[in-house]
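The next block holds one structure in the form of structure tokens; read it before the comments.
Numbering (this note's numbering), first residue to last: 12 to 103.
Structural data, given as structure tokens:
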């Protein structure tokens with residue numbers, strides 16, 4: 012599966028950075044690298060795990076995916092996740 016570095020998490024407007032929700036502090040995981048546990052697909056939740064320390068991460072159902080070069084964006088019901096796809100798979 013791909014390695015994804017989390018660059019930023021946005022509100023659905025795509026402009027306002029999201030810092031926390033009722034259950035989660037997004038600032039803690041920003042900049043972390045994750046491994047996809049399942050391929051990220053529209054209609055299913057995105058499931059990731061941290062590569063340096065175990066940080067399980069599951070989103071609500073993915074509504075759209077945008078891939079442009081190394082940029083990888085995932086839209087869920089409330090959030091846009093912006094990742095950079097790692098090309099160095101020896102990062103683990």
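Idealized CB from N, CA, C, for every residue including glycine.
ask   = Is the stretch 35 to 54 touching the stretch 70 to 78 in the sense that three or more CB pairs, one from each, lie closer than 8 Å?
value = Using a C-beta cut-off of 8 Å, the stretch 70 to 78 makes contact with the stretch 35 to 54, since at least three inter-stretch Cβ pairs fall below that distance.
DSSP-derived helix/strand/coil call for residue 35 = The residue given as residue 35 occupies position 24 in the chain shown. DSSP places residue 35 in coil when its eight states are reduced to three.
message = Let me make sure I understand the geometry here. Which of 32, 24, 25 and 16 has the alpha-carbon closest to that of residue 43?
response = Here residue 43 refers to the residue found at position 32 of the chain shown. Residue 16 is the option with its Cα nearest to residue 43.
task = Give the secondary structure of residue 66 by DSSP, where H, G and I count as helix, E and B as strand, and everything else as coil.
result = Numbered from 1 along the chain shown, position 55 holds the residue referred to as residue 66. Shown here, residue 66 sits in coil according to DSSP, grouped into three states, outside any helix or strand.
request  = Could you tell me if residue 35 is buried or exposed, where buried requires 16 or more neighbouring beta carbons within 10 angstroms of its beta carbon?
outcome  = As a working mapping, residue 35 is identified with position 24 in the chain shown. Classification of residue 35: exposed, given that the 10 Å Cβ count is below 16.
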